[in-house]
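Participant: One structure coming up, written as structure tokens, with questions to follow.
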Amino acid sequence: MPEDKIETRYAVIDPSHMDEALMADAGRLIKEGSLVAFPTETVYGLGGDALNPASSRRIYAAKGRPSDNPLIVHIADMDHLPAIVTAIPEKARLLAEACWPGPLTMILPKADCVPYETTGGLDTVAVRMPSHPVARRLIELGGGYIAAPSANLSGRPSPTRAEHVREDLDGRIAMILDGGEVEIGLESTIVDFTEEIPVILRPGYLNRARLETLLGEVRMDPGLIREDPRIRPKAPGMRYRHYAPRADLTIIEGGREAVTRTINTLTAEAEAAGKSVGILTAEESAVYYPKGDVRVIGSRASEAGIARHLYAALRDFDADGVDVIYSEAFDLPEMGEAIMNRLLKAAGHKVIRV
Ligand code: AMP
Ligand code: MG
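In this text, residue positions in the sequence shown follow this note's numbering: the first is 11, and each later residue adds one.
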């Protein structure tokens, strides 16, 4: 817990016409060791000076995050990378050229200047170059290296709007920059370059097929294979049951008709037992649910919309105070890997196959 409750400054910023005085204030706060939440293209981040151990400690305290779960260091300029790593393998350089700035995080061996407080005690560091203009300007003004995990309380769904950050972190951080709803809505793809063949530690917007076109063979961390949740993922953060709403979430997977029928039966049973029920669905099948608190997160024809609205829907269910949630599966062609990874974690891997 933070030592004292502090006043959180809340500022709206237009990403296409940034108020420079406001951004200068935010940059100064980072340099002084304070924390500023800011929009990125993936989710909102909670930023602190990555090279200042006290800032990283403050990030863990504000989020209530376990201190063995490392932070991602954000840069805005490729020339700033060599100072924080001891090697840049050829494939990492290639991927950076193709995908940065963007929703890609790379694990590389860390240089001495990166404190263990930032890397959760590891000798590697996670680095990302975001594309969001507010994120980039803040990094430049904040000294070049901003450690930023998602700006939620540990265990809550990641924030896709500034009001989510406020719900979780008001009174715990110096400032929130509100740049509107994020574009992607799921965290970056994490690729580990410390082994010969690159390994995906967390699926994201950039999927395996896209990475393989650029790099050749890419492996998936065996700890992510959904059928066997007993193998430990390599990214410490993927071991925790986070992205979780307060209600008990179960995924129902199968053909459309069997899924809607099963969800309707489960809903009737739960309501008969006095529980309130949330149903997570897409436009295509929403009409088949006569009961329950039905939330439509988009159309299956637009994966980007589904990814963008997933976390907000989980938060909305919390706000509605539902006791149980039944969700359809979203094994979509491009982002299905990433969406199902988050949904399965939120469900603690509870799946009914019909
Ligand atoms: P967040 O910023 O909250 O989305 O979480 C960052 C994710 O990156 C967590 O899952 C971390 O465990 C992972 N991560 C950060 N640094 C490393 C590292 N050096 N090695 C492996 N995973 C990392
Ligand atoms: Mg997070």
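Ideal Cβ placement from N, Cα and C applies to all residues, glycine included. This structure is a prediction, so every number in the text was calculated from the model and none was measured.
Just reading off the beta strand (DSSP E) that residue 4 is part of, what are its end residues?
Facilitator: This structure cannot settle anything about residue 4, because the visible part of the chain is limited to 11 through 364.
Participant: Under 8 Å, with one C-beta from each stretch per pair, do the region 307–316 and the region 354–363 reach the 3-pair mark?
Facilitator: No: the two stretches stay apart, fewer than three of their Cβ pairs being nearer than 8 Å.
Participant: Residue 142: which of 175, 84, 126, 117 sits nearest, CA to CA?
Facilitator: Considering only alpha carbons, the answer is 84.
Participant: Determine the direct distance from the alpha carbon of residue 79 to that of residue 286, and round the result to whole angstroms.
Facilitator: Near 34 Å, if we compare the C-alpha coordinates of residue 79 and residue 286.
Participant: Could you check what DSSP says for residue 338 in three-state terms: helix, strand or coil?
Facilitator: Note: residue 338 maps to strand in three-state DSSP.
Participant: Please determine, among 341, 352, 302, the residue with the shortest C-alpha to C-alpha distance to residue 335.
Facilitator: Here the closest residue by C-alpha is 302.
Participant: What whole-angstrom Cβ distance do residue 49 and residue 154 have, given they're in contact under 8 Å?
Facilitator: Not a contact, Cβ separation roughly 19 Å.
Participant: Run through the DSSP bridge pairs and tell me what residue 362 is partnered with.
Facilitator: Looking at the DSSP assignment, residue 362 forms a beta bridge with 262.
Participant: With a threshold of 16 other CB atoms inside 10 Å of the CB of residue 255, please say whether the residue is buried or exposed.
Facilitator: Burial call: buried.
Participant: Under a three-way DSSP split, which group does residue 157 fall into?
Facilitator: If DSSP states are grouped into helix, strand and coil, residue 157 belongs with the strands.
Participant: For residue 120 and residue 311, I'd like the C-alpha separation in whole angstroms.
Facilitator: Rounded to whole angstroms, residue 120 to residue 311 spans 41 Å at the Cα level.
Participant: Specify the secondary structure class of residue 248 as computed by DSSP and reduced to three states.
Facilitator: Correct three-state label for residue 248: helix.
Participant: Can you grab the Cα-Cα spacing for the pair residue 348 / residue 233, in whole Å?
Facilitator: Using only the alpha carbons, I get a separation of about 14 Å.
Participant: Label residue 266 either buried or exposed according to how many other C-beta atoms from any shown protein chain fall within 10 Å of its C-beta, with 16 as the threshold for buried.
Facilitator: Exposed is the call here.
Participant: Which residues, in chain order, sit with a beta-carbon under 6 Å away from any heavy atom of the ligand MG?
Facilitator: The filter returns 159, 160, 168, in chain order.
Participant: Is residue 301 helix, strand or coil when you go by DSSP?
Facilitator: Correct three-state label for residue 301: coil.
Participant: Tell me, please, which residues DSSP counts as bridged to residue 120.
Facilitator: Residue 120 pairs with 95.
Participant: Over the uninterrupted beta strand (DSSP E) stretch that includes residue 6, give me the two end residues.
Facilitator: This structure cannot settle anything about residue 6, because the visible part of the chain is limited to 11 through 364.
Participant: How is residue 24 classed by DSSP in three states: helix, strand or coil?
Facilitator: In the structure shown, residue 24 sits in coil (DSSP, three-state: anything other than H, G, I, E or B).
Participant: Under a three-way DSSP split, which group does residue 88 fall into?
Facilitator: Correct three-state label for residue 88: helix.
Participant: Can you tell me whether DSSP reads residue 230 as helix, strand or coil?
Facilitator: Correct three-state label for residue 230: strand.
Participant: Helix, strand or coil for residue 69, going by three-state DSSP, please let me know.
Facilitator: Residue 69: helix per DSSP, three-state reduction.
Participant: Assuming contact is defined by CB atoms lying nearer than 8 Å, are residue 69 and residue 137 in contact in what I supplied?
Facilitator: Result no, Cβ atoms of residue 69 and residue 137 do not sit closer than 8 Å.
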